[in-house]
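All remarks here apply to the structure that follows.
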Amino acid sequence: MSNQVEQIPGEGGLEKVKLTRASGASCEVYVYGAHVTSWKTFDGVERLYVSSASKFASGQAIRGGIPICWPQFNTRGTYGKHGFCRTTDSWVVRRIVSDPKRDPSVTIELSDCEASKDFPFSFKLTYTVTLSDSGLTTSMHVVNNSDDPMTFTTALHTYFAVSDVTTVKVSGLQGLKFEDSTKGGEVSEQADEQLMIRGEVDRVYLDTPEEMLITDGDTAISVKKSGFPDSVVWNIGEEKAAGMSDLGAGEWRRYLCVEAGAIGTPVVVEPGAAWVAEQRFGASVAVPMSLAELGEPEVGDAERLNKIEAAFKAKGKASLPLEEAYEIMISPEEKGIYGLNDFKEDVKGFEDQMANKEQFTWEEIKVFLETVG
Numbered sequence: 077m078s079n080q081v082e083q084i085p086g087e088g089g090l091e092k093v094k095l096t097r098a099s100g101a102s103c104e105v106y107v108y109g110a111h112v113t114s115w116k117t118f119d120g121v122e123r124l125y126v127s128s129a130s131k132f133a134s135g136q137a138i139r140g141g142i143p144i145c146w147p148q149f150n151t152r153g154t155y156g157k158h159g160f161c162r163t164t165d166s167w168v169v170r171r172i173v174s175d176p177k178r179d180p181s182v183t184i185e186l187s188d189c190e191a192s193k194d195f196p197f198s199f200k201l202t203y204t205v206t207l208s209d210s211g212l213t214t215s216m217h218v219v220n221n222s223d224d225p226m227t228f229t230t231a232l233h234t235y236f237a238v239s240d241v242t243t244v245k246v247s248g249l250q251g252l253k254f255e256d257s258t259k260g261g262e263v264s265e266q267a268d269e270q271l272m273i274r275g276e277v278d279r280v281y282l283d284t285p286e287e288m289l290i291t292d293g294d295t296a297i298s299v300k301k302s303g304f305p306d307s308v309v310w311n312i313g314e315e316k317a318a319g320m321s322d323l324g325a326g327e328w329r330r331y332l333c334v335e336a337g338a339i340g341t342p343v344v345v346e347p348g349a350a351w352v353a354e355q356r357f358g359a360s361v362a363v364p365m366s367l368a369e370l371g372e373p374e375v376g377d378a379e380r381l382n383k384i385e386a387a388f389k390a391k392g393k394a395s396l397p398l399e400e401a402y403e404i405m406i407s408p409e410e411k412g413i414y415g416l417n418d419f420k421e422d423v424k425g426f427e428d429q430m431a432n433k434e435q436f437t438w439e440e441i442k443v444f445l446e447t448v449g
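Its first residue numbered 77, the sequence shown is counted upward by one per residue in this note's numbering.
In structure tokens, the structure reads:
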């Protein structure tokens, strides 16, 4: 299978665009709201949460995935909560990329429309979603077509799927100031090295670093950003979850929002100028690291064979950049004795024999896993 980009019907009859890589990684983006609702890495694991009770209908916000909050975050302004982007059907698909030599992507655009009639600026917002084997990039590009400076706040309100939010850890926030909305916006400072979720959390962290890490058991997702100065961490908590009609019963435990945003200080875009920002996710992928763990698949076990083939290709055929593969595959402890250059040399040793192969025998997979894994 090669890279594919399909425009197909989604829930509620809404159009969506599905990006699929040869490895099996995939992503789904609804044109309505330019809303990402699914991101699966090549191992088939869903990395985003969407509520089982979410509504897919015009005028309704989809609960989960990656809503775009623009031109206003939350109620910080005179517009409706989180702005009008996520609940308008005026978005238009402008470009798709399905070239097998490039990461598949879709670009969706929004400009002046009925939903923006109360927004006193003429604009063009371009949103691009790009898929890699174990990563996802979402980028915003806002042009001010008005004669006056444009101001706005914004966030990409990402709902990450987690096993249990009360066991998740968020790293990269220690020493930073945050506005605590559960305490009326009181400003505090993050003392702990890792943020643990013990109940409702609703924080806007100001001037955050370019990278954070979400750890959920033995899996992790890196959250990198540029152009977005702030970050939000949010979970509704058990008590308030009961009052949300579009949140499935007990599902407050199944997500954590970690959002890249420009919130504390509004963005100012001069006439004719543009503002650009993006966020990039990289997920650790559960590739078996020992033959004992992997086991030889039974004949006819197509699903298991496909997963093994995808894992092998990602490790051996370098469908991931080597630097990214190293970060994903090698634990912090192992990095102390097994450097990036050693890893590159090991992979290089297999390039010639695998360069022109599309399929691999089980014995070849064993050899590679034993040597590199």
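Each residue gets a CB set at the ideal place from its N, CA and C atoms; glycine is no exception. Note that the structure is a prediction, hence the values are computed from the model and not measured.
- A distance below 8 Å between beta-carbons, with the five flanking residues on each side excluded, links residue 124 to the following residues of its chain, in chain order: 112, 113, 114, 115, 140, 141, 142, 234, 235, 236 and 237.
- Annotated three-state conformation of residue 182 is strand, per DSSP.
- In the structure shown, residue 192 adopts helical secondary structure according to DSSP, grouped into three states.
- Rounded to whole angstroms, the Cβ separation of residue 97 and residue 175 is 12 Å, and the two are not in contact under 8 Å.
- With a cutoff of 8 Å on beta-carbon distance, residue 254 and residue 226 are scored as not near each other.
- DSSP links residue 256 through a beta bridge to 262 and 279.
- Checking the DSSP bridge columns, you'll see residue 356 partnered with 213 and 300.
- CA-CA distance, residue 304 to residue 353, rounds to 6 Å.
- Annotation for residue 84: 92 and 94 place their beta carbon closer than 7 Å to its own, counting only its chain and skipping 5 residues before and after.
- In this structure the stretch 288 to 306 lies against the stretch 324 to 342, because at least three pairs of beta carbons, one per stretch, are closer than 8 Å.
- Leaving aside the five residues that flank residue 188 on each side, the residues in its chain whose CB is nearer than 6 Å to its CB run, in chain order, 198.
- For residue 313, the enclosing alpha helix (DSSP H) stretches over residues 313 to 317.
- Our two residues, residue 324 and residue 357, have alpha carbons roughly 26 Å apart in a direct line.
- With contacts defined as CB atoms closer than 8 Å, residue 201 and residue 273 fail to qualify as a contacting pair.
- By the 16-neighbour rule on beta-carbons within 10 angstroms, residue 215 is buried.
- According to the DSSP assignment, residue 102 belongs to the beta strand (DSSP E) that extends over 102 to 106.
- If you check the CB distance, residue 306 and residue 284 come in under 8 Å.
- By the C-beta criterion, the stretch 164 to 179 is judged not to be in contact with the stretch 262 to 282, since fewer than 3 inter-stretch pairs fall below 8 Å.
- Here DSSP, grouped into helix, strand and coil, assigns residue 91 to strand.
- For residue 245, the uninterrupted beta strand (DSSP E) run begins and ends at 245 to 247, by DSSP.
- In terms of Cβ geometry, residue 120 and residue 359 do not form a close pair [threshold 8 Å].
- Closest by C-alpha distance to residue 344, out of 148, 247 and 263, is 148.
- Take residue 346, set aside five residues on each side of it, and the residues of its chain with a beta-carbon closer than 6 Å to its own are 225, in chain order.
- DSSP, reduced to helix, strand and coil, places residue 327 within a helical segment of the structure shown.
- In terms of Cα proximity to residue 218, the closest of 193, 146, 240 and 250 is 146.
- In the three-state reduction of the DSSP assignment, residue 109 falls in the helix class.
- Residue 237: member of the beta strand (DSSP E) spanning 235 to 237, first to last residue.
- If you look at residue 199, you'll find it in the beta strand (DSSP E) that goes 199 to 207.
- Between residue 161 and residue 100 the beta-carbon gap is near 30 Å, outside 8 Å, which marks them as no contact.
- The beta carbon of residue 206 sits closer than 7 Å to those of 179, 181 and 213, all from its chain and outside the five residues before and after it, given in chain order.
- Residue 259 and residue 151 have their C-alpha atoms roughly 16 Å apart.
- With respect to the C-alpha of residue 257, the residue from 281, 133 and 269 having the closest C-alpha is 281.
- Judged by beta-carbon spacing, residue 107 lies within the 8 Å limit of residue 184, meaning their Cβ atoms are closer than that value.
- Residue environment analysis places residue 122 among the exposed positions, since fewer than 16 neighbouring C-beta atoms fall within 10 angstroms of its C-beta.
- Note that the C-beta distance between residue 342 and residue 229 is below 8 Å.
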